[in-house]
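Engineer:
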Amino acid sequence: MMKTKRSYNRGFRFSILLVVSFIMLISISLSAQELTQTIKGQVVDVDVQIPLPGVTVIIVGSDPLIGGITDVDGYFRLENVPLGRYDIRISYIGYEPALISELEVGSGKELVINTGLKESAVGLNEVVIKADQDKKEALNSMAIISSRQINMEEAHRFAGGFDDPARLVSSYAGVAGNMNSNAIVIRGNAPKGLLWRMEGLEISNPSHFANMTSFGGGGLTALSAQMMASSDFFTSAFPAEYGNALSGVFDIKLRSGNRDKREHTIEASLMGISLSSEGPYKKGRGATYLFNYRYANFGILKPILPEDAGLIKYQDFNFKTDLPTKKAGIFSIWGIGATDYSGSRVTKDMGDWEYEQDREDADGRTYMGALGVTHKLIIGKRSLLNSAMAVSGNGITWDIKRMDEQNSLHPYKNIENYSWKYSLSSYLNHKFGPKHTNRTGVTVHLINYDMLIQEAPVFTQDLVSFVDDKGSSELIQAFSQSRFDLSEKVKINAGIHVQYFTLNNQYVFEPRLGISWNIKPTHTLSLGYGDHSRLEMLFLYLGQQPSANGFAQPNKNLDFTKSHHLVAGYNWSVSENMNFRAEAYYQHLYSVPVKPGTSYSMMNVD
């Protein structure tokens, strides 16, 4: 009797390929080797993005002191910085000081730091002893608890992470991962409950071979390490602007290209090649570009891989271009795209059949992509209007044939699953004063789908359709949230998020609340609550079964899957280089789809 490998077989392939690639990785960087480098960047108000002139920027512990002051547009430049790892302190009158830790200055590229400072809640004539703002805190000024900032330098340093931010966050408390995929399990929740955002808009899971080994996960990231700027990761009770998320949020930001000079990089390894370039279109004009292309084909490794590893290849392309104007704000055009192939051929000698997969001929392709335009417009000195539009989507085709004892192939499984959406989003961030900031916005997604899922009850029989539908629907979201800095010690963030799904006319109201109390300069207590909900995967709503009138869709009216989050946290800044954080977390899941007569639910699906 043949054994069944299940998902272990495909997961094993990824494990072997990643381990071999990691061991044998050889990178070539075409750049000049220098003993010193330049650190530069821009400092803005974190809420309304207004450039801050006169900000002091220094390298902590440098002797002689290395530092500078931002110009009228908020830009600074520190030249002739010896190679190494540094902490940078940023301070400005009327704003909370910030410390950016463990920045690596290398010879290949200039180090660019674009960051924001938060306006202090106390007057200029008051003296308050306060620790530096930890720049590992979330970039989003509305975040209070269960959030942190990550960057690609951390991913570079994370052993076995393959420059994958999803694998990096799996090292955080309350987050789990595995070698077989980059799926993110947050506090026991299935990976499919995570919301992925890029440049402020929801996108499909940005992974190669997404949803093939687990829903919500993939083989490795489709986002190049050359592209990602500091980004936010939330694990519970996230602010009101985030909707359609159940377990967590990964809010990805793309960095801008170097505005002063062009830089080019070529990396080659046994996995493939990577090409990237960045710089100004014309020096002094402010418009910049940045792109990266990667291609990988594991065919060259085939002689040293297991016989059942099959053929795996992928490619991806990321880019961002910034186009500032004098009075109309800043326009950014950005995109990400990935295509993948995985296949295996049938073992024709029946004597070698040990597993079910040995008699299968399989071809799988996955696709994902997003193309967007973002516009930021500063209105006066206290308002920021941020608008974005994008088209994004993903697809998977999976064709499996099985061979019988007469060496004839029969169709066994056929999946053609495509979904794409057009998104339009806008929010207004207004600072009423140093103690009250409000952010209110709306997002509309026009969701299109074309799905066909077929399987033969017995592989020698005809295929039976479980999903066969084509159409469109809308997901409409709105939110409003306010941050109240009652004092230098106490901060409150309160808001509400609303969602409406037109496919089945389901809607939800989600209150959110966060409170932070600095009991001492280096000790903070936090409390957060949120009611969160997420749509299930579209094919679940569209599943069909025979009825008296042909076919019925019994799941079409399913509600959002929902969850109450309650979390209490304690943070202790032990020193500039050490931080202790502890959280107690409670979650109550409800409105979860359950198979009648069983204990099986969609929470069991990973």
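The opening residue of the sequence shown carries number 19 in our numbering; numbering runs sequentially from there.
For each residue, glycine too, the CB sits at the ideal point set by N, CA and C.
Only a predicted model underlies this, so the values are computations on that prediction, with no experimental measurement involved.
What are the start and end residues of each continuous beta strand (DSSP E) run of 3 or more residues lying completely inside the segment 176-220, in chain order?
Structural biologist: 193-196, 199-204, 212-216
Engineer: My output table needs one value for R103: the three-state DSSP class, helix, strand or coil.
Structural biologist: strand
Engineer: Who are the Cβ neighbours of Y311 in its own chain at under 6 angstroms, not counting the five residues just before and after it?
Structural biologist: L293, F335
Engineer: Whole angstroms are fine: how far does the CA of D250 sit from the CA of I168?
Structural biologist: Going by the C-alpha atoms only, they are around 6 angstroms apart.
Engineer: What is the residue span of the beta strand (DSSP E) that L558 lies within?
Structural biologist: Per DSSP, L558 belongs to no beta strand (DSSP E); it is in the alpha helix (DSSP H), 556-560.
Engineer: My understanding is that S80 touches L101, with C-beta atoms under 8 angstroms, so please give their C-beta distance in whole angstroms.
Structural biologist: About 13 angstroms separates the two Cβ atoms, so there is no contact after all.
Engineer: With respect to the beta strand (DSSP E) encompassing S360, which residues constitute its N-terminal and C-terminal limits?
Structural biologist: 348-362
Engineer: Compare the Cα-Cα distances from N575 to each of E374, L584, Q562, N196 and report the closest residue.
Structural biologist: Selected option, being the one with the closest Cα: Q562.
Engineer: Exposed or buried, M386, counting other C-beta atoms within 10 Å across all chains shown (16 or more means buried)?
Structural biologist: The residue is buried, with at least 16 neighbouring Cβ atoms inside 10 Å.
Engineer: How many angstroms separate the CA atom of N589 from the CA atom of E217?
Structural biologist: 29 angstroms
Engineer: Tell me whether the beta-carbon of M469 lies closer than 8 angstroms to the beta-carbon of F557.
Structural biologist: yes
Engineer: Excluding the five sequence neighbours on either side, which residues of its own chain have a C-beta within less than 7 angstroms of the C-beta of V592, listed in chain order?
Structural biologist: F598
Engineer: Distance, Cα to Cα, P452 vs N404?
Structural biologist: 20 angstroms
Engineer: Can you tell me which of F227, R552, T54, I162 puts its alpha carbon nearest to the alpha carbon of S360?
Structural biologist: F227
Engineer: Work out the CA separation of S242 and D181 for me, nearest whole Å.
Structural biologist: Across the structure, D181 and S242 are spaced so that their CA atoms are roughly 8 angstroms apart.
Engineer: Which same chain residues, not among the five before or five after F256, have their C-beta less than 6 angstroms away from its C-beta?
Structural biologist: V267
Engineer: Using the three-state DSSP reduction, which class does G387 fall into: helix, strand or coil?
Structural biologist: Look at G387 here: in three-state DSSP terms it is strand.
Engineer: Can you tell me whether Q333 is helix, strand or coil according to DSSP?
Structural biologist: strand
Engineer: According to DSSP, is I322 part of a helix, a strand, or is it coil?
Structural biologist: Model confidence at I322 stands at a pLDDT of 46, short of 50, so the residue's coordinates are unreliable; what they give is reported in the following sentence. Of the three classes helix, strand and coil, the one that applies to I322 here is helix, per DSSP.
Engineer: With 16 other CB atoms within 10 Å as the buried threshold, where does T616 fall?
Structural biologist: It is exposed - the Cβ of T616 has fewer than 16 other Cβ atoms within 10 Å.
Engineer: Tell whether a beta-carbon distance below 8 angstroms holds between V62 and P69.
Structural biologist: yes
Engineer: Check E144 in the structure and name its three-state DSSP category.
Structural biologist: Interpretation of E144 is limited by its pLDDT of 44, a score under 50 that renders its predicted location unreliable; no figure is taken from the coordinates.
Engineer: Which first and last residues belong to the beta strand (DSSP E) in which V64 is found?
Structural biologist: First-last for V64: undefined, no H or E at that position.
Engineer: Using 8 angstroms as the threshold, is the C-beta distance between L157 and N200 below it?
Structural biologist: no
Engineer: Is H606 near the ligand HEM - that is, is its Cβ less than 7 angstroms away from at least one heavy atom of it?
Structural biologist: As for the ligand HEM, it is missing from this structure, which has no ligand bound.
Engineer: Below 7 angstroms CB to CB, which residues in the same chain sit around T478 once its five sequence neighbours on both sides are set aside?
Structural biologist: Excluding residues within five positions, the ones whose Cβ falls inside 7 angstroms are D422, H428.
Engineer: Quick check on A149: does DSSP put it in helix, strand or coil?
Structural biologist: Here A149 scores only 46 on pLDDT, less than 50, and its place in the model should not be relied on; the value that follows carries that caveat. Reduced to three states, the DSSP call for A149 is coil.
Engineer: Using C-beta distances below 6 angstroms, list every residue in its chain close to D503, excluding the 5 sequence neighbours before and after it, in chain order.
Structural biologist: A139, K453, K509
Engineer: For the beta strand (DSSP E) that contains Q524, what are its first and last residues?
Structural biologist: 524-538
Engineer: Please identify the residue among L53, E296, I433, E506 whose C-alpha is closest to the C-alpha of Y113.
Structural biologist: E506
Engineer: Are Q67 and I351 close, meaning C-beta to C-beta below 8 angstroms?
Structural biologist: no
Engineer: Which ranges does the beta strand (DSSP E) cover as unbroken runs of at least 3 residues, wholly within the segment 418-497, from first to last along the chain?
Structural biologist: 427-451, 454-473
Engineer: Less than 8 angstroms between the beta carbons of N432 and G413, yes or no?
Structural biologist: no
Engineer: Assuming R481 and E473 make a contact with CB atoms under 8 angstroms, what is their CB distance in whole Å?
Structural biologist: The residue you asked about is not Arg; residue 481 is Leu in the sequence shown. Their Cβ separation, rounded to whole angstroms, is 7 angstroms, which keeps L481 and E473 in contact under 8 angstroms.
Engineer: For I322 and L553, I'd like the C-alpha separation in whole angstroms.
Structural biologist: Confidence is the limiting factor: at I322 the pLDDT is only 46, short of 50, which leaves the residue's position unreliable, though a coordinate-based value still follows. About 43 angstroms.
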